[in-house]
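> To convert, note that position 76 of the sequence shown is 75 in numbering that gives the first Met the number 0; the numbers rise steadily by one, no gaps. Glycine included, each C-beta is placed from N, C-alpha and C at the ideal position. Just so it is clear, the structure is predicted and the values come from calculations on it, not from any experiment. One structure, pasted below without further comment.
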Amino acid sequence: MAYIVTEPCINCKYTNCAAVCPVDAFREGPNFLTIDPLECIDCDACVAECPVEAIYPDDEVPMEWEHYIELNERLAEKWSDRIINMTKDDLPDADEWAEVEDKLDHLQEEWD
Numbered sequence: 000m001a002y003i004v005t006e007p008c009i010n011c012k013y014t015n016c017a018a019v020c021p022v023d024a025f026r027e028g029p030n031f032l033t034i035d036p037l038e039c040i041d042c043d044a045c046v047a048e049c050p051v052e053a054i055y056p057d058d059e060v061p062m063e064w065e066h067y068i069e070l071n072e073r074l075a076e077k078w079s080d081r082i083i084n085m086t087k088d089d090l091p092d093a094d095e096w097a098e099v100e101d102k103l104d105h106l107q108e109e110w111d
């Protein structure tokens, strides 16, 4: 089992979770984080650190976000060279985006 980052992370990208990961399983995209399922050791440390409650064990992802399981795997591979293991500044307007729903259309897969 691996942990999955879901929709609430989009355009927030708080990095508290990545800073506590003992195995550097987090990968950074332009406005989203993902967890490499091959690196994740299921320690649960990241879950409590996420202020928007975006991280779930893969067998507990809410049904409306189950597609994030495949998305995390694909993006972790795509961003494999973008390991993040420290806290960075929040994205601009992260607190406002934290309350927004249905954000998948805002996910950026490519860096500018």
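Have a look at Pro-50, Val-51, Glu-69 and Asn-10 and flag the residue whose alpha-carbon is nearest the alpha-carbon of Asn-58.
The question names Asn, but residue 58 is Asp in the sequence shown. Ranking the options by Cα distance to Asp-58, first place goes to Glu-69.
> Which of the three DSSP states, helix, strand or coil, is assigned to Tyr-2?
If DSSP states are grouped into helix, strand and coil, Tyr-2 belongs with the strands.
> Pull the bridge partners of Tyr-67 from the DSSP assignment, please.
Bridge partners of Tyr-67: none, in fact.
> Considering Cα atoms alone, identify which of Asn-71, His-66 and Ala-47 is closest to Glu-38.
Among Asn-71, His-66 and Ala-47, the Cα nearest to that of Glu-38 belongs to Asn-71.
> Roughly how many angstroms lie between the CA atoms of Ala-18 and His-105, to the nearest whole one?
Computed Cα separation, rounded: 24 angstroms.
> Mapping the DSSP letters down to three states, classify Pro-56 as helix, strand or coil.
Three-state result, Pro-56: strand.
> For the alpha helix (DSSP H) holding Glu-95, just list the boundary residues, first then last.
Its alpha helix (DSSP H) spans residues 93-96.
> Checking 8 angstroms against the spacing of the C-beta atoms, do Trp-110 and Asn-10 come in under that value?
The answer is no: Cβ separation not under 8 angstroms.
> Is it the case that the Cβ atoms of Leu-74 and Glu-52 are separated by a distance below 8 angstroms?
Not closer than 8 angstroms, so no.
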